[in-house]
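Residue numbers (full-length UniProt numbering), protein chains in the order written: chain A, 1 to 169; chain B, 1 to 169.
Just below is one structure, and these are the notes that go with it.
There are 2 protein chains.
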Amino acid sequence: MASEVTDGTAAGEANGGAAVKTVAFTAVKPHLFVECSKVCDAVAFYKSAFGAEEVNRVSHPKRKADQELPVLLSAEIKLGSSSILISDVSDDSTAPGKAVGSGVVFCLETEDIEAAVETAVKAGAVSEGEISEGEGACCGKRVGKVKDPYGVVWLICTPTAKKGGDVEA
Amino acid sequence: MASEVTDGTAAGEANGGAAVKTVAFTAVKPHLFVECSKVCDAVAFYKSAFGAEEVNRVSHPKRKADQELPVLLSAEIKLGSSSILISDVSDDSTAPGKAVGSGVVFCLETEDIEAAVETAVKAGAVSEGEISEGEGACCGKRVGKVKDPYGVVWLICTPTAKKGGDVEA
Chain A
1 MASEVTDGTA
11 AGEANGGAAV
21 KTVAFTAVKP
31 HLFVECSKVC
41 DAVAFYKSAF
51 GAEEVNRVSH
61 PKRKADQELP
71 VLLSAEIKLG
81 SSSILISDVS
91 DDSTAPGKAV
101 GSGVVFCLET
111 EDIEAAVETA
121 VKAGAVSEGE
131 ISEGEGACCG
141 KRVGKVKDPY
151 GVVWLICTPT
161 AKKGGDVEA
Chain B
1 MASEVTDGTA
11 AGEANGGAAV
21 KTVAFTAVKP
31 HLFVECSKVC
41 DAVAFYKSAF
51 GAEEVNRVSH
61 PKRKADQELP
71 VLLSAEIKLG
81 SSSILISDVS
91 DDSTAPGKAV
101 GSGVVFCLET
111 EDIEAAVETA
121 VKAGAVSEGE
131 ISEGEGACCG
141 KRVGKVKDPY
151 GVVWLICTPT
161 AKKGGDVEA
């Protein structure tokens, strides 16, 4: 749950007199994109290379009947105390220009999407699209998207719930 | 301090009989790159947009005498429990292809650089360059660099010490 503080300072007044909410984020998760059908391979690699632990995986609903392609749409791994999301670039519209490799977006988790997007936009970020339903390992229920002045894409989303039945310990 | 476990299993034997060390990382920090002289602006933006807190900053030694250019080489901000590093792309050879925006590398902190690089390379990563002296907000003393099969660059470095005298609360 995000904590909110109403900020009635001069900064708030400069923005047309509206009070600026400060939104506390519960988590920041980098979101990596790999080539189509490589999520499984990538998770296995991060386990053996860095000792990562898989904490969540989401199967691809459309590919389940097709035995030739892997069925993993996205996964969440834990490295130390940090979580990293890995998605198949072919299926995720949040991928920045469908870039793989170092094309990373950051997921900020909070219950108050609207306030968080509004605060970011007031600070100079550009909102991209409407708040929508999330899918994959990130963005359990609702997700907003902003691009900051430095070219980084931030997804502001409700905290992820564990997807049942498909989680590997 | 990293903990190390000697792994004498079949996986270790498959790698020419050598035991594989498992290295525990103390932290994972995404490392963002912004345009030359924009580190100060970016820190201010992340403070107002996301409520980030600045926890460390490193001045540029060569620019200190030049009053026309900002002197911030890199900074570390905290967002919730996560740390994010921000560097001036013009001065950091670790920037992936000098990309700004979503060009991100990840810093993995551990005391045992050699074992961590060796494990990653055995798992399929490619080591890039020698282990060298670190600089900036990341990579306090020594840093190794590997690129994984998915194009992501990982810096494996000793934990950062707070730089004295220049830290803003």
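All residues carry an ideal CB built from backbone N, CA and C; glycine is no exception.
Check, Outcome
"Answer yes or no: do L72 of chain A and R57 of chain A have a C-beta to C-beta separation smaller than 8 Å?", "yes"
"What are the residues that DSSP puts in a beta bridge with K78 of chain B?", "B:E53, B:S83"
"Within a Cβ cutoff of 7 Å, which residues of the same chain sit near V104 of chain A, ignoring the five residues on either side of it in sequence?", "P30, H31, L32"
"Does S59 of chain A come out as helix, strand or coil in the three-state DSSP assignment?", "strand"
"Would you report the Cα separation of S59 of chain A and W154 of chain A, rounded to the nearest angstrom?", "24 Å"
"Using a C-beta cutoff of 8 Å, does S82 of chain B count as contacting chain A?", "yes"
"Any beta-carbon of chain C closer than 8 Å to the one on T160 of chain B?", "Looking for chain C here will not work: the only protein chains present are A and B."
"Between T26 of chain B and V143 of chain B, what straight-line distance do the alpha-carbon atoms span, to the nearest angstrom?", "15 Å"
"Where does P159 of chain B sit, in a helix, a strand or coil, going by DSSP?", "coil"
"Quick test of your reading: V34 of chain A and A115 of chain A, contact by CB under 8 Å. State the CB separation rounded to the nearest angstrom.", "At roughly 33 Å, the Cβ-Cβ gap does not stay under 8 Å, so V34 of chain A and A115 of chain A are not in contact."
"Identify whether D88 of chain A lies in helix, strand or coil by the three-state DSSP scheme.", "strand"
"Based on the DSSP secondary-structure assignment, which residues constitute the bridge partners of G129 of chain A?", "Partner(s): none; G129 of chain A has no beta bridge."
"Taking contact to mean 3 or more Cβ pairs, one atom from each stretch, closer than 8 Å, check whether the segment 107-123 of chain A and the segment 35-42 of chain A are in contact.", "no"
"I need the straight-line Cα distance from G129 of chain A to E118 of chain B, nearest angstrom please.", "44 Å"
"Mind checking which residues open and close the beta strand (DSSP E) that includes E109 of chain B?", "104-109"
"In angstroms, rounded to a whole number, what distance separates the CA positions of I77 of chain B and V121 of chain B?", "30 Å"
"If I follow the unbroken beta strand (DSSP E) through V143 of chain B, where does it start and stop?", "142-147"
"May I ask you to report which of helix, strand or coil DSSP gives V152 of chain B?", "coil"
"Using only alpha-carbon positions, find the residue among A:K141, A:A52, A:E54 that is nearest to T158 of chain A.", "A:K141"
"Run through chain B and tell me which residues come within less than 8 Å of L73 of chain A, C-beta to C-beta.", "What L73 of chain A touches in chain B: nothing, since even the nearest Cβ is about 16 Å away."
"Please classify F25 of chain A: does DSSP put it in a helix, a strand, or coil?", "coil"
"Can you list the residues of chain A that K38 of chain B reaches, using a CB-CB cut of under 9 Å?", "P149, Y150"
"Taking 7 Å as the limit between beta carbons, can you name the residues of its chain near A42 of chain A, skipping five residues before and five after?", "V34, I86"
"Since V55 of chain A and S82 of chain B should fall inside the 8 Å C-beta cutoff, what is the C-beta to C-beta distance between them, to a whole number of angstroms?", "In fact, because the Cβ distance is near 16 Å, the residues do not count as touching under 8 Å."
"Give me the Cα-Cα distance between G51 of chain B and L108 of chain A, rounded to the nearest whole angstrom.", "12 Å"
"Can you check whether the CB of F45 of chain A is closer than 8 Å to the CB of G124 of chain B?", "yes"
"Starting from the beta carbon of S48 of chain A, find every residue of chain B whose beta carbon is closer than 7 Å, and list them in chain order.", "A123"
"Under 8 Å, Cβ to Cβ, is there at least one residue of chain A near L85 of chain B?", "no"
"Among all the DSSP beta bridges, which residues are the ones paired with V34 of chain B?", "B:D88"
"Taking 8 Å as the CB-CB cut-off, is L79 of chain B touching chain A?", "yes"
"Might you give, ordered along the chain, the residues of its own chain that have their beta carbon closer than 6 Å to the beta carbon of I84 of chain B, omitting 5 neighbours on each side?", "P30, I77"
"Taking the straight line between their C-alpha atoms, what separation do you get for K163 of chain A and V89 of chain A?", "Here K163 of chain A scores only 47 on pLDDT, less than 50, and its place in the model should not be relied on; the value that follows carries that caveat. Approximately 20 Å between the Cα atoms of the pair."
"When you compare only the Cα positions, how much space is there between D148 of chain B and V126 of chain B?", "6 Å"
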